[in-house]
Every structure is written in structure tokens, then in C-alpha cells.
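Engineer: Below you will find the structure I want to go over with you.
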Amino acid sequence: MKINIKNIGKVKEADIEINGITVLAGENSTGKSTISKALFSTFNGLYNIDKKIENDKLRTIKRMLGAITTMREYRRNLIVHGLSLSKFDILMNELVEKIIKNQITEKNELKKILSNFITTEEKSRVFEKIINNISDVMNLDNNSYKNIILEEQFNKEFDNQISNIRNNDNAKIVVSFSQNKNKNIGISINSNKINIKEHADIITQVIYIDDINMALEYKKEADIFKIYNFGEPFSHTTLLVKLLDNKNPSLAKKIINEKKLENINKILNQISPGMLYTKDDGNFVYKTEDGIDISTSNISLGLKTFIVLKKLIQNSIIEENGTIILDEPEIHLHPKNQLKFAEIIVLLQKEFGLHILLSTHSPYFIKAIEEYSKKYAINKKCKFYLSSLKNKVAIFEDVTEKTYKIYKLLAEPYDILDEIEIENNNRDKND
Numbered sequence: 273m274k275i276n277i278k279n280i281g282k283v284k285e286a287d288i289e290i291n292g293i294t295v296l297a298g299e300n301s302t303g304k305s306t307i308s309k310a311l312f313s314t315f316n317g318l319y320n321i322d323k324k325i326e327n328d329k330l331r332t333i334k335r336m337l338g339a340i341t342t343m344r345e346y347r348r349n350l351i352v353h354g355l356s357l358s359k360f361d362i363l364m365n366e367l368v369e370k371i372i373k374n375q376i377t378e379k380n381e382l383k384k385i386l387s388n389f390i391t392t393e394e395k396s397r398v399f400e401k402i403i404n405n406i407s408d409v410m411n412l413d414n415n416s417y418k419n420i421i422l423e424e425q426f427n428k429e430f431d432n433q434i435s436n437i438r439n440n441d442n443a444k445i446v447v448s449f450s451q452n453k454n455k456n457i458g459i460s461i462n463s464n465k466i467n468i469k470e471h472a473d474i475i476t477q478v479i480y481i482d483d484i485n486m487a488l489e490y491k492k493e494a495d496i497f498k499i500y501n502f503g504e505p506f507s508h509t510t511l512l513v514k515l516l517d518n519k520n521p522s523l524a525k526k527i528i529n530e531k532k533l534e535n536i537n538k539i540l541n542q543i544s545p546g547m548l549y550t551k552d553d554g555n556f557v558y559k560t561e562d563g564i565d566i567s568t569s570n571i572s573l574g575l576k577t578f579i580v581l582k583k584l585i586q587n588s589i590i591e592e593n594g595t596i597i598l599d600e601p602e603i604h605l606h607p608k609n610q611l612k613f614a615e616i617i618v619l620l621q622k623e624f625g626l627h628i629l630l631s632t633h634s635p636y637f638i639k640a641i642e643e644y645s646k647k648y649a650i651n652k653k654c655k656f657y658l659s660s661l662k663n664k665v666a667i668f669e670d671v672t673e674k675t676y677k678i679y680k681l682l683a684e685p686y687d688i689l690d691e692i693e694i695e696n697n698n699r700d701k702n703d
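Counted from 1, the sequence shown has number 640 at position 368 by my numbering; the numbering is strictly sequential.
Here is the structure:
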């Protein structure tokens, strides 16, 4: 797939191809995270978007119908109709399902069904208002719904600063899929307001891993997952917590993926033979191979990287043709383990046909991706980009055939140290 971004965050324009593993390299504050957040926001916002709309309508209409149950007359009429409160609740749930599935589409039809329960003139006026409100929800335009859902997702990631702060030009995101040219994604953004021009159905959950420590130390709030079910946006860190906490992984997927994961699990178990699980209080704990529980606060940050990846694999979260975003995954890893992690990433791409976007500052990690991708014959699916600033906005250069440019940039600190060393040696000679 290809993603074209214009005037988002710090990025002026970027054309990024992600057919296997795509590496973004460059100095800090040159737009790499902007690309990651834009891709995540687009895919997570559109993921099961029709279901999100249905869930929101369901919740809203149920809340509106709940106002009827507070009326005394309603309770009296339940007795008249020989209904218990629980039976009426079942009736209301069935009614809401019919509304959501467009089996009831007319306001008068809805009014006729509910009118038996409210008869006095005074209460009828209140009842009429409730019916009107429900009718408004029934008639909402799904395109407007989708724009709002995506807008909230982008605002969650970009803290309400989606558009480029350096100019007032309209922003846009276009994602094109090589396997289905008729199903692309087109989004325009004007003054942080989103308009979806076209969109493909996103049916696999995008995974975005950056601040692993924050995810593992995260304290779950009582209703956080209920919020997610109704379609309200998660930040990528909160979503990662949810994916790690999945208590009902698919056994079918586990069986299907067993052979694919054989070599990957072998490497992971060498480094992290234990497993991550969730305690009753909602906190994550690492259980060693000999059964000892260790608080994740007492686990090295480097080991946490492997623990999290292993848990996502165990939970069958990584899916065929899915998308994974990794923001500086090597940052707490020893160079030896950077090589191991790179090999795992390459193997995951090979076995699952993943689209992997990763940003890094490490020459070890980049070289490992280059060499392991050749070893496992996926190097034709790898792309390398170098980010930089021009007039205070970020631009991206495709350096797939010129990766030496990345290594030259990353070697600059060593060149500075060499100069300091020469100065020190000369000073020592003169003393």
C-alpha cells in the first residue's frame, strides 16, 4: 500500500510505500511520529466503523428509552399489559435492535408501538419529545457519523492539532491498496475538520507500539473497555493495553498460526521464557518459567519489548495482512538484542504478510533489517526513507537504493567524538 500525506502535523508532504517493512530514519522532530500517528488514526478510526456507528446509536436510543421507564404511568400500564419490568426491558432491547437494523424506519411506526404505555395528555407531550429524539437518531447520516468518528480519533492522537501549524493549506491523506485499486482511502482536512471522500473497509486491527513502559504500568479504569465498545476513540497506548489484556484469544487462530510462529517463538523464548498475564486488580505481571510472579515495574525496559511482542502473539492479535507500527522499538535494547528483535520483525512479515512501519535511530537495527530481509528473501518488500526539515517542515526522501545516506547521518555523532578525541590527544602532547 502507499500513503500520501500533505500538511499533517509537521509534515509538508510525504509519499510512503508500505508493502512489507518500511523504515523511517532521521533526526528527532522530523515528522516520523507524525506519519505513524496519521496511519494509526486512519486505520483505527475506520476499523469496523459501521459497527461503531451501530453501537453508538444503540447506546443513544437505549438511553432515550430509559427516560420512559421513569414515568409512573408507564409502570401502571405494564401491569395492564401483563408485563414484568424485566420482560419490558427485553421488549425494548428487541425494539432497539429493529431500529438499528432498519426494520423500523418510520417515526409513526415507532410511536404506534410505544403509545400503549403512555396515555395521559401531559405525559404524551414528554413521550412525543422522546419519540422525536429517537427519530432524529434513526435519520442520522452515516457519512457525517464517520467523519466525526475519524475526527475524534485524529484529535486523540494529535491533541487537536491535526493540520500543519506552518501553513493554512488544506491537509489530506490518501491510502491506496495495490491489491484492490477500487478500494482506497481519501481524507481531506480543513481547519482540523475531517471529510472522508472514500474509504476501504478496514477489517484488521492496527497495532501501534511505542511507549511500552506506559502500557504495562497503566492502571485500568472500571469502564474503559465499555467505552471502546461504543466506538469512542482510544489513544494507541490505551488500545495496546486492551490488546494485551485480551482474555479470550482465538484457539482456531492459535492452531493455524502454530507452524508459522515456530521459529519466532524459539527466539522469543530464548530471551523471554516467561509470560505476561493480568492480575485481578487489572495490573500486568510477568510470570517466570519457574512460576515466580514479578511486577513489570521490576523488569528491564529491554525485556519488556520482547514480553509485549510475545503476549500479542500469544493473544493471536497479529493477523494475516495486518498493520504494525513500531516507534523506535530498539531504544532500550542492547545491540545484540536489537539484532534478535529485527530478525523477529522480518520473520513476522514473511509469515503473515504484514505491513510494518517502523522508525529508528539505530544503525545496528537498520542494518539488521537490511541483512535479515535478504536472508529470509523479503528484501524486495523493504523500503527506507530519510526524514529531514526544510523551512521548518518535514520532508521524506526514498533512500532504499541509497541507505548509505542514513548511515552517514547516524555516524555524525561519532565524527564529532573523533574530532574531540584528536583535540584531546593534541592537547596532551602539548602539555
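Every residue gets a Cβ at the ideal spot worked out from N, C-alpha and C, and that includes glycine.
#1: Kindly indicate the opening and closing residues of the alpha helix (DSSP H) around residue 486.
#2: State the start and end residues of the unbroken beta strand (DSSP E) segment that holds residue 319.
#3: For residue 301, does the count of other Cβ atoms within 10 angstroms reach 16, so buried, or fall short, so exposed?
#4: Return the chain-ordered list of same chain residues with a C-beta closer than 7 Å to the C-beta of residue 602, the five sequence neighbours on each side being excluded.
#5: DSSP three-state call for residue 619: helix, strand or coil?
#6: Going by DSSP, which residues form a beta bridge with residue 627?
#7: Give a yes or no on contact between the stretch 471-488 and the stretch 587-604, applying the rule of three or more CB pairs nearer than 8 Å.
#8: Let me check one thing: in DSSP terms, what residues is residue 551 bridge-paired to?
#9: For residue 574, name the three-state secondary structure that DSSP assigns.
#10: Does the Cβ of residue 523 have 16 or more other Cβ atoms within 10 Å, making it buried, or fewer, making it exposed?
#11: For the alpha helix (DSSP H) that residue 416 lies in, which residues bound it at each end?
#12: Going by the CB atoms, is the gap between residue 338 and residue 654 shorter than 9 Å?
#13: By a C-beta neighbour count over all protein chains shown, 10 Å radius and 16 as the cutoff for buried, is residue 457 buried or exposed?
#14: Between 414, 650 and 449, which lies nearest to residue 327 when the distance is taken from Cα to Cα?
#15: Skipping 5 residues on each side, what residues in its chain have a beta carbon closer than 8 Å to that of residue 352?
#16: Where does residue 308 land, buried or exposed, given buried means 16+ other C-beta within 10 angstroms?
#17: Which stretch, first to last residue, makes up the beta strand (DSSP E) that contains residue 658?
#18: Measure the Cβ-Cβ separation of residue 518 and residue 576 and say whether it is below 9 Å.
#19: Taking residue 618 as the reference, which of 397, 294 and 285 has the closest Cα?
#20: Please classify residue 558 as buried or exposed, where buried requires at least 16 neighbouring CB atoms within 10 angstroms.
#21: For residue 421, which option in 319, 538 and 564 has the closest C-alpha, if you only look at C-alpha atoms?
#22: From the DSSP output, read off the bridge partner residues of residue 443.
#23: Can you grab the Cα-Cα spacing for the pair residue 521 / residue 583, in whole Å?
Structural biologist: In brief:
#1: Position 214 of the sequence shown, counting from 1, holds the residue named residue 486. Residue 486 -> alpha helix (DSSP H) spans 484-489.
#2: Here the question's residue 319 lines up with position 47 in the sequence shown. It is not in any beta strand (DSSP E) - residue 319 carries neither H nor E in the DSSP assignment.
#3: Counted from its first residue, the sequence shown places residue 301 at position 29. Flag for residue 301 reads exposed.
#4: For the purposes of this step, residue 602 is taken as residue 330 along the sequence shown, with counting starting at 1. Once the five neighbours on either side are set aside, the close Cβ partners of residue 602 are 610, 613, 632, 634 and 637.
#5: Stepping through the sequence shown from its first residue, residue 619 is reached at position 347. Helix, per DSSP.
#6: Your numbering for residue 627 matches position 355 in the sequence shown. 595, per the DSSP bridge assignment.
#7: yes
#8: In the sequence shown, the residue the question calls residue 551 occupies position 279. None, per the DSSP bridge assignment.
#9: The count along the sequence shown starts at 1 and reaches residue 574 at position 302. It is helical.
#10: Here residue 523 refers to the residue found at position 251 of the sequence shown. Flag for residue 523 reads exposed.
#11: The residue given as residue 416 occupies position 144 in the sequence shown. 414-430 is the span of the alpha helix (DSSP H), which, as asked, contains residue 416.
#12: Indexing the sequence shown from 1 puts residue 654 at position 382. Indexing the sequence shown from 1 puts residue 338 at position 66. Cβ distance not < 9 Å, so residue 654 and residue 338 don't count as in contact.
#13: Numbered from its first residue, the sequence shown carries residue 457 at position 185. When all chains shown are included, residue 457 counts as buried.
#14: Residue numbering aside, residue 327 sits at position 55 when the sequence shown is read from its first letter. The option with the nearest alpha carbon to residue 327 is 414.
#15: Sequence index remark: in the sequence shown, residue 352 carries index 80 (1-based). Confidence at residue 352 is low in this model, with a pLDDT of 47, below 50, so the placement of that residue is unreliable and no value is reported for it.
#16: Residue 308 sits at position 36 when you count from the first residue of the sequence shown. Sixteen is the threshold: when 16 or more other Cβ atoms of the shown chains lie within 10 Å of the Cβ of residue 308, as they do, the residue is buried.
#17: Here residue 658 refers to the residue found at position 386 when the sequence shown is read from its first residue. That run of the beta strand (DSSP E) goes 654-662.
#18: Position 246 of the sequence shown, counted from the first residue, corresponds to residue 518. Position 304 of the sequence shown, counted from the first residue, corresponds to residue 576. Against a cut-off of 9 Å, the Cβ pair of residue 576 and residue 518 comes out as no contact.
#19: Here residue 618 refers to the residue found at position 346 of the sequence shown. Closest option to residue 618, Cα to Cα, is 294.
#20: The residue labelled residue 558 in the question sits at position 286 within the sequence shown. So residue 558 counts as buried.
#21: Position 149 of the sequence shown, counting from 1, holds the residue named residue 421. The candidate whose alpha carbon is nearest that of residue 421 is 319.
#22: Stepping through the sequence shown from its first residue, residue 443 is reached at position 171. DSSP lists 461 as partners of residue 443.
#23: Indexing the sequence shown from 1 puts residue 521 at position 249. Indexing the sequence shown from 1 puts residue 583 at position 311. Cα-Cα distance, rounded: 11 Å.
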